[in-house]
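Undergrad:
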Amino acid sequence: MPRLEPPQRLPRIISSPGSTTFNRTSSWRNLVPRIDLALCTGCLLCWKFCPEACVGLPGPKPEIGMDYCKGCGVCAQECPAECISMDQEAEA
Amino acid sequence: MKKVLTGNYAAAEAAALAGVQVASIYPITPATQIGERLSEMSAEGSFGGRLIRVESEHSAMASLLGAASAGARTFTATSSQGLAYMHEMLHWVSGARLPVVMVDVNRALAAPWNLWSDQSDSLSQRDTGWLQFYCASSQEVLDTVLMAFKISEKTFLPSMVVLDGFTLSHTYEPVDVPDEKAVREFLPPWRPESRLDTGAPAAFGSLAGAKDYIRLRRRMAYDMEQALSVIDDVAKEFERLFGRRYEPLAPYRAWDADTVLVIAGAAAGAAEAAVDELRRDGHRAGSLRLRVFRPFPADALRRMLHGGMRLAVVDRSFSQGSEGTFSQEIKAALYSSSPKPVTTGFVAGLGGGDITVDLLKEIWAEAHNGTVNPAETVWMEDAR
Amino acid sequence: MKTSIPQEELLRSGHQACQGCASTVAMRYALKGLGRRTIIVVPACCWTVISGAAPNSSLDVPLLHAPFASAAATACGVKAGLQARGDEETTVMVWAGDGSTYDIGLQSWSGAAERGEDMLYVCYDNEAYMNTGVQRSGATPMGVWTMTTPDGNRRPKKDLDALLEAHHISYAATASIAYPEDFVRKFAKARAIKGFRFIRVFSPCPPGWKYDPDKTVDLARLAVLTGVFPLYEIEAGAFRLNLAPAKLKPLAEYLAPQGRYKGLDPEALAREQGSVTERWQRLLARKAAS
Numbered sequence: 006m007p008r009l010e011p012p013q014r015l016p017r018i019i020s021s022p023g024s025t026t027f028n029r030t031s032s033w034r035n036l037v038p039r040i041d042l043a044l045c046t047g048c049l050l051c052w053k054f055c056p057e058a059c060v061g062l063p064g065p066k067p068e069i070g071m072d073y074c075k076g077c078g079v080c081a082q083e084c085p086a087e088c089i090s091m092d093q094e095a096e097a
Numbered sequence: 079m080k081k082v083l084t085g086n087y088a089a090a091e092a093a094a095l096a097g098v099q100v101a102s103i104y105p106i107t108p109a110t111q112i113g114e115r116l117s118e119m120s121a122e123g124s125f126g127g128r129l130i131r132v133e134s135e136h137s138a139m140a141s142l143l144g145a146a147s148a149g150a151r152t153f154t155a156t157s158s159q160g161l162a163y164m165h166e167m168l169h170w171v172s173g174a175r176l177p178v179v180m181v182d183v184n185r186a187l188a189a190p191w192n193l194w195s196d197q198s199d200s201l202s203q204r205d206t207g208w209l210q211f212y213c214a215s216s217q218e219v220l221d222t223v224l225m226a227f228k229i230s231e232k233t234f235l236p237s238m239v240v241l242d243g244f245t246l247s248h249t250y251e252p253v254d255v256p257d258e259k260a261v262r263e264f265l266p267p268w269r270p271e272s273r274l275d276t277g278a279p280a281a282f283g284s285l286a287g288a289k290d291y292i293r294l295r296r297r298m299a300y301d302m303e304q305a306l307s308v309i310d311d312v313a314k315e316f317e318r319l320f321g322r323r324y325e326p327l328a329p330y331r332a333w334d335a336d337t338v339l340v341i342a343g344a345a346a347g348a349a350e351a352a353v354d355e356l357r358r359d360g361h362r363a364g365s366l367r368l369r370v371f372r373p374f375p376a377d378a379l380r381r382m383l384h385g386g387m388r389l390a391v392v393d394r395s396f397s398q399g400s401e402g403t404f405s406q407e408i409k410a411a412l413y414s415s416s417p418k419p420v421t422t423g424f425v426a427g428l429g430g431g432d433i434t435v436d437l438l439k440e441i442w443a444e445a446h447n448g449t450v451n452p453a454e455t456v457w458m459e460d461a462r
Numbered sequence: 023m024k025t026s027i028p029q030e031e032l033l034r035s036g037h038q039a040c041q042g043c044a045s046t047v048a049m050r051y052a053l054k055g056l057g058r059r060t061i062i063v064v065p066a067c068c069w070t071v072i073s074g075a076a077p078n079s080s081l082d083v084p085l086l087h088a089p090f091a092s093a094a095a096t097a098c099g100v101k102a103g104l105q106a107r108g109d110e111e112t113t114v115m116v117w118a119g120d121g122s123t124y125d126i127g128l129q130s131w132s133g134a135a136e137r138g139e140d141m142l143y144v145c146y147d148n149e150a151y152m153n154t155g156v157q158r159s160g161a162t163p164m165g166v167w168t169m170t171t172p173d174g175n176r177r178p179k180k181d182l183d184a185l186l187e188a189h190h191i192s193y194a195a196t197a198s199i200a201y202p203e204d205f206v207r208k209f210a211k212a213r214a215i216k217g218f219r220f221i222r223v224f225s226p227c228p229p230g231w232k233y234d235p236d237k238t239v240d241l242a243r244l245a246v247l248t249g250v251f252p253l254y255e256i257e258a259g260a261f262r263l264n265l266a267p268a269k270l271k272p273l274a275e276y277l278a279p280q281g282r283y284k285g286l287d288p289e290a291l292a293r294e295q296g297s298v299t300e301r302w303q304r305l306l307a308r309k310a311a312s
């Protein structure tokens, strides 16, 4: 019979900060955002409104972190230049 | 320094001496005076901790969850309905492995309303993961609160120090109050390795799956088991510094007794007086005071009692549909002994009824003479 | 590069919030306003999950989980404990849903508010018990479908802001994720104020309100522009309306995309429009008087 001995480590679990990034939430996505950078005005609303905090600002124009984007479409909806389209995710 | 203190004032004195940094208080009879005395001491400057005058007992314990998580030494006191109202928080605080110390002044639970002492409030919380100590004098209240901080901080398990409502909480007795410097030597400031700290951000209490959850509880069970030796070590150190020794079980003329009264709390004094009278009449009477209830000192109990004995367990609580709490636990602890003492459970003193010397002699005689069926709980009351 | 709100992110990706969840945007802004010297207390709510399961956390600041009824009391203790350890600077923030705030934790925050405890209490109001799967709370508006009001909620939403004001607190505000600069400014301001501060955040919920997740910010904006969720702040008793459109948009524009309002008949809609307009008039009068 598998016996459960008392674990040696600390008696409580302490969660490490900022450590959920191991969880690639891109697997939740049905629609994928594409930014047409030629039309992008750099207003950064997509960065501001992203619920996943996955729009990066490598320069004056945004970049969507595809590892975490869940495809909610808020960025596309809010983009005043209408330069973000939501396309069907390619079949895996 | 000698002072004349009630059980309640001894508790407040101990909290201040222990260097409590955060105490949450909420009034409830008969524990109210503990918060009042701490307020008075705070106003005079003899209590340096922060007092939070919360709006409920649930919040009292919740605020201590917060304060202890931030690394502060914490204290509160309550009774009866207040303790019942805290129930959720008691599990939370022990699960969070925080060394909170609380005094519970025993009082019966409603309905109907009742203000007086019995042990159903504290014993209803036996499965919450708190250590439980039952006191029999104001001195013991003060000493036990001081020891409880040390024990809790070593075991990462919270402590409940229990005393009888009115009979102990409101009765003045001479108490030897130790010197603050000596207490600080015994109980240095608490400095936990991890706490809420923006310099080392972490989350406490996050959702855990079954694999983690059962391991945390397994570890808690182990630590609770180990607490008996921690309690022993701390009692020895306390004796070395302050000259008073406390054991989990306090036997009185029990070694050669054929029938032993088993009881917890201040009524143990009456049990010892009953034993003296019975001994004068030529009976081999003894008594045993249960001082530590969680963790349950089952080994010590088995070592102390033998098969030829009869036990009369006096319960000031009753689990409806079963029997008195102490009776259940003692029977379970002795189950593996062979031969085992014949153990009868007696329920008395619910809702504040007096547990007198005469009543205890009657209970002793019933158990001794075998006039009761040990399979049944016997309800008793002082005839006066 | 200069941005209108701070770039530092203290909420990390990989969290478990639903697609289009407004409360995650809210947390990002809140922490942009407050910074790293913040400790969060979270009662039972969606954030019990979003903050991460053990041994992980989606946040870069310390967090303490607390039972449903006791977030504010727990936060009082955290603050007192920090002070006992010599830390006067850290902001202690409660981050609670409407179930905890309007219902089960009301006694606890009321006590803390009345005592003037030094904390920032944030209610992200998604107008029902969402973490348990959409059951009505004291914050659910009239007429709304939930799992426990399948034929529509029969009572108006509790006026929590009025309750808060009755506690003489040092700062009270509303905030919407559709207005990031206003949002971040309010949190930065709350950080600098002592005593009990309260911010109610409007938090559209795609699965609970039954709308497509891309409409989250749009609905948050429409709630402000229709007068459903006016943006204001009250500092030491002084009232300030942060945004006063010359003309409110019709309520129907805000309700239309939401499946939870589907059962609302034209008569009920007119009644609701009436009460929104009336409340807006009261705020305008208060603005004029202040």
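Chains as they are written, first to last, in the numbering used here: chain A, 6 to 97; chain L, 79 to 462; chain D, 23 to 312.
Cβ atoms here follow ideal geometry from the backbone N, Cα and C, with glycine treated the same way.
Report, in whole angstroms, the separation of the C-beta atoms of L:P108 and L:F244, which I expect to be a contact under 8 Å.
TA: Locating residue 108 of chain L in the second sequence gives position 30, counting from the first residue. Locating residue 244 of chain L in the second sequence gives position 166, counting from the first residue. About 6 Å separates the two Cβ atoms, so the contact holds.
Undergrad: What does the alpha-carbon distance come out to for the pair A:E68 and A:R8?
TA: Residue mapping note: residue 68 of chain A aligns to position 63 of the first sequence, counting from 1. Residue mapping note: residue 8 of chain A aligns to position 3 of the first sequence, counting from 1. For A:E68 and A:R8, the distance between alpha carbons rounds to 51 Å.
Undergrad: Where does D:A290 fall in DSSP's three states?
TA: Counting from one through the third sequence, the residue named residue 290 of chain D turns up at place 268. Three-state result, D:A290: helix.
Undergrad: Give a yes or no on whether 8 Å exceeds the smallest Cβ distance from A:T46 to chain D.
TA: The sequence position of residue 46 of chain A within the first sequence is 41, counting from 1. Chain D, which has no Cβ nearer than 8 Å to the Cβ of A:T46, makes this no.
Undergrad: Can you pull out the residues from the stretch 128 to 153 of chain D whose beta carbon lies closer than 9 Å to at least one beta carbon of chain L?
TA: Answer in chain order: Q129, S130, S132, G133, A134, E136, R137 and E139.
Undergrad: Which of the three DSSP states is assigned to D:C68 in this structure?
TA: In the third sequence, counting from the first residue as 1, residue 68 of chain D sits at position 46. Residue state, collapsed to three classes: helix.
Undergrad: For L:L246, which of L:A88, L:E401, L:R322 and L:K418 has the nearest alpha-carbon?
TA: Counting from 1 along the second sequence, the entry for residue 246 of chain L is found at position 168. When only C-alpha atoms are compared, the closest one is L:A88.
Undergrad: Could you name the residues of the same chain whose beta carbon sits closer than 8 Å to that of D:T248, not counting the 5 residues immediately before and after it, in chain order?
TA: For the purposes of this step, residue 248 of chain D is identified with residue 226 of the third sequence, where counting begins at 1. Cβ within range, chain order: L270, K271, P272, L273, E275, Y276 and V298.
Undergrad: Between the stretch 83 to 116 of chain D and chain L, which residues of the former have a C-beta closer than 7 Å to a C-beta of the latter?
TA: If the cut-off is 7 Å between Cβ atoms, the stretch 83 to 116 of chain D has V83, P84, L85, L86, H87, A88, P89, A91, S92, A95, T96, A97, C98, G99, V100, A102, G103, L104, Q105, A106, R107 and T112 near chain L.
Undergrad: Could you check the C-alpha separation between L:G321 and L:D254 for me, to the nearest Å?
TA: On the second sequence, position 243 is the one that residue 321 of chain L refers to. On the second sequence, position 176 is the one that residue 254 of chain L refers to. When rounded, the distance between both Cα atoms is 11 Å.
Undergrad: With which residues is D:V116 paired in a DSSP beta bridge?
TA: On the third sequence, position 94 is the one that residue 116 of chain D refers to. According to DSSP, which records beta bridges pairwise, D:V116 is partnered with D:V63 and D:Y143.
Undergrad: So that I know if they touch, is there some Cβ in chain L lying closer than 8 Å to that of A:W90?
TA: Numbered from 1 along the first sequence, position 85 holds the residue referred to as residue 90 of chain A. Just to set this straight, residue 90 of chain A is Ser in the shown sequence, not Trp. Output row for A:S90: interface = no.
Undergrad: At which residue ranges does the stretch 300 to 378 of chain L contain complete alpha helix (DSSP H) runs of 4 or more residues, listed in the order of the chain?
TA: Entirely contained in the stretch 300 to 378 of chain L, the alpha helix (DSSP H) runs reaching 4 residues are, in chain order, 346 to 358.
Undergrad: Anything in the stretch 48 to 70 of chain D with a Cβ closer than 8 Å to a Cβ of chain L? List those residues in chain order, please.
TA: Against chain L - using a Cβ distance shorter than 8 Å - the residues of the stretch 48 to 70 of chain D are R58, R59, T60, I61, V63 and T70.
Undergrad: So which of D:V71, D:L33, D:R176 and D:Q157 has the shortest CA-CA distance to D:T168?
TA: Start at 1 with the first residue of the third sequence, and residue 168 of chain D comes out as number 146. Ranking D:V71, D:L33, D:R176 and D:Q157 by Cα distance to D:T168 puts D:Q157 first.
Undergrad: Have a look at L:F153 and L:L224 and give me their C-alpha separation to the nearest angstrom.
TA: Locating residue 153 of chain L in the second sequence gives position 75, counting from the first residue. Locating residue 224 of chain L in the second sequence gives position 146, counting from the first residue. So the two alpha carbons sit approximately 11 Å from each other.
Undergrad: Comparing alpha-carbon positions, which option in D:R213, D:P178 and D:L81 lies nearest D:A195?
TA: Your numbering for residue 195 of chain D matches position 173 in the third sequence. That would be D:R213, whose Cα lies nearest to the Cα of D:A195.
Undergrad: Can you give me the C-alpha to C-alpha distance between D:K208 and D:G285, rounded to a whole angstrom?
TA: Against the third sequence, residue 208 of chain D aligns to sequence position 186. Against the third sequence, residue 285 of chain D aligns to sequence position 263. Taking the straight line from one Cα to the other gives about 36 Å.
Undergrad: For D:A197, tell me which candidate among D:F251, D:R293, D:A310 and D:Q105 has the shortest Cα-Cα distance.
TA: Position 175 of the third sequence, counting from 1, holds the residue named residue 197 of chain D. Per the Cα distances, D:F251.
Undergrad: Rank L:G283, L:N192 and L:L187 by C-alpha distance to the C-alpha of D:T70 and give the top, closest one.
TA: Within the third sequence, residue 70 of chain D is the residue found at index 48, counting from 1. Of L:G283, L:N192 and L:L187, the residue nearest in Cα terms is L:G283.
Undergrad: Using DSSP's beta-bridge definition, name the partner residues of L:L168.
TA: Working through the second sequence from its first residue, we reach residue 168 of chain L at position 90. DSSP output for L:L168 lists no bridge partner at all.
Undergrad: Quick one: is L:D205 near chain D, going by C-beta distance under 8 Å?
TA: Locating residue 205 of chain L in the second sequence gives position 127, counting from the first residue. No, no contact with chain D.
Undergrad: Going along the chain, which residues of the stretch 9 to 35 of chain A sit with their C-beta nearer than 9 Å to a C-beta in chain L?
TA: Answer in chain order: L9, E10, P11, P12, Q13, R14, L15, P16, R17, I18, I19, S20, S21, P22 and G23.
Undergrad: Based on Cα-Cα distance, which residue from L:E91, L:W208, L:E258 and L:R269 lies nearest to L:A145?
TA: If you number the second sequence from 1, residue 145 of chain L lands on position 67. If we check each option's Cα against that of L:A145, L:R269 comes out closest.
Undergrad: Counting along the chain, where does the alpha helix (DSSP H) carrying D:H37 start and finish?
TA: Indexing the third sequence from 1 puts residue 37 of chain D at position 15. Per DSSP, D:H37 belongs to no alpha helix (DSSP H) and is neither H nor E.
Undergrad: How would you write the range of the alpha helix (DSSP H) that L:H446 sits in, first residue to last?
TA: Here the question's residue 446 of chain L lines up with position 368 in the second sequence. Counting along the chain, the alpha helix (DSSP H) containing L:H446 begins and ends at V435 to N447.
Undergrad: What residues of chain D sit near A:A95, judged by a beta carbon separation below 8 Å?
TA: In the first sequence, counting from the first residue as 1, residue 95 of chain A sits at position 90. Within 8 Å Cβ-Cβ: nothing; A:A95 doesn't reach chain D, min ~19 Å.
Undergrad: My assumption, with CB atoms under 8 Å, is that L:W457 sits in contact with L:V425. Please give the rounded CB distance.
TA: In the second sequence, residue 457 of chain L corresponds to position 379, counting from 1. In the second sequence, residue 425 of chain L corresponds to position 347, counting from 1. Correct: roughly 5 Å between the Cβ atoms.
Undergrad: Which first and last residues belong to the beta strand (DSSP E) in which D:S26 is found?
TA: Numbered from its first residue, the third sequence carries residue 26 of chain D at position 4. Per DSSP, D:S26 belongs to no beta strand (DSSP E) and is neither H nor E.
Undergrad: Tell me, which residues are paired with D:Y151 by DSSP?
TA: By 1-based counting over the third sequence, the position of residue 151 of chain D is 129. Paired residues: D:Q157.
Undergrad: Is the shortest distance between the beta-carbon of D:G217 and the beta-carbons of chain L less than 8 Å?
TA: For the purposes of this step, residue 217 of chain D is taken as the residue at position 195 of the third sequence. For D:G217, the answer is no, since every Cβ of chain L falls outside 8 Å of its Cβ.
Undergrad: Please return the same chain residues whose Cβ sits closer than 7 Å to the Cβ of D:T113, not counting the five positions on each side in sequence.
TA: For this step, residue 113 of chain D is matched to residue 91 along the third sequence. L56, R59, T60, L142 and R213.
Undergrad: Would you mind telling me which residues of chain L sit closer than 8 Å to D:A75, beta carbon to beta carbon, in chain order?
TA: Taking the first residue of the third sequence as 1, we reach residue 75 of chain D at position 53. Those are S284, L285, A286 and G287, listed as they occur along chain L.
Undergrad: Does DSSP classify L:D205 as helix, strand or coil?
TA: Locating residue 205 of chain L in the second sequence gives position 127, counting from the first residue. Three-state result, L:D205: helix.
Undergrad: L:W457 by DSSP, collapsed to three states: which one?
TA: Counted from its first residue, the second sequence places residue 457 of chain L at position 379. Three-state result, L:W457: strand.
Undergrad: So what's L:S195 in DSSP terms, helix, strand or just coil?
TA: Locating residue 195 of chain L in the second sequence gives position 117, counting from the first residue. Here L:S195 sits in coil by DSSP.
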